[in-house]
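Beneath this line is the structure, given in structure tokens, with notes to follow.
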Amino acid sequence: MMDINITVAEMEDLDEIMEMMTTARDTVENPDWFVEDNREYVKRHLGENGITLKACGQNKIMGFLIVDIPGEDEENLGFDLGFSKKERELTVLMESAIVRPEARGMGLQRKLLYEAEKWLEGRIYRYALATVHPENRYSRGNLLAMGYEEAMEKLKYGGLPRIIMRKQLFGKGSENQ
68 MMDINITVAE
78 MEDLDEIMEM
88 MTTARDTVEN
98 PDWFVEDNRE
108 YVKRHLGENG
118 ITLKACGQNK
128 IMGFLIVDIP
138 GEDEENLGFD
148 LGFSKKEREL
158 TVLMESAIVR
168 PEARGMGLQR
178 KLLYEAEKWL
188 EGRIYRYALA
198 TVHPENRYSR
208 GNLLAMGYEE
218 AMEKLKYGGL
228 PRIIMRKQLF
238 GKGSENQ
């Protein structure tokens with residue numbers, strides 16, 4: 068069993084994260100399961116618009132998860148779910164979750180989600196949303212196991228089928244609501 072350490076990714080990790088995205092795109096079971104993020108998007112989530120968590124082992128990143136704090140950006144999945152402005156302000160997106168082929172089956176996606184939720188504890192965020200292709204049994208199963216519920220199925224990302232997954236968090240924004 069490989070020793071894994073989960074920490075916040077930094078700008079120096081950008082090239083390795085982008086390489087992992089390309090590998091994921093090229094090796095995924097069904098190409099519709101994965102939409103690759105562009106470099107600028109990933110860069111913004113190394114400190115500005117959220118965080119990126121990395122799971123490291125064997126001197127390299129074995130997996131990562133982008134946590135997007137979208138605010139009122141149109142990509143906020145809260146719009147799809149009919150959230151009010153206040154609810155959208157309390158929403159985070161569990162975005163790209165990538166695990167290297169050699170580290171799959173080790174529960175890294177769940178561990179990354181768990182650590183992201185720990186990072187969110189005590190902050191204002193109340194809703195965690197994610198998308199998953201209906202046939203991606205791996206990511207879908209991981210999200211369900213972490214307490215996410217299937218909220219809606221919709222075409223996203225240029226017409227690809229996605230299930231929007233939702234989880235209620237208990238941050239400061241959940242008080243008296």
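All you need for the numbering used here is the position in the sequence shown, starting with 1, plus 67.
From the three backbone atoms N, C-alpha and C, an ideal C-beta is built for every residue, glycine too.
- In the three-state DSSP reduction, Ser-163 falls in the strand class (E or B).
- Around the beta carbon of Leu-113, 16 or more other beta carbons lie within 10 angstroms, which makes this residue buried.
- Counting along the chain, the unbroken alpha helix (DSSP H) around Asp-82 starts and ends at 81-94.
- The C-alpha of Gln-235 lies about 15 Å from the C-alpha of Trp-186.
- Contact between the region 98-107 and the region 142-149 is not established, with fewer than three Cβ pairs separated by less than 8 Å.
- Fewer than three Cβ pairs drawn from the region 173-180 and the region 135-142 lie within less than 8 Å of each other, which leaves the two stretches out of contact.
- For Ala-195, there is no enclosing alpha helix (DSSP H); the residue is part of the beta strand (DSSP E) that begins and ends at 194-199.
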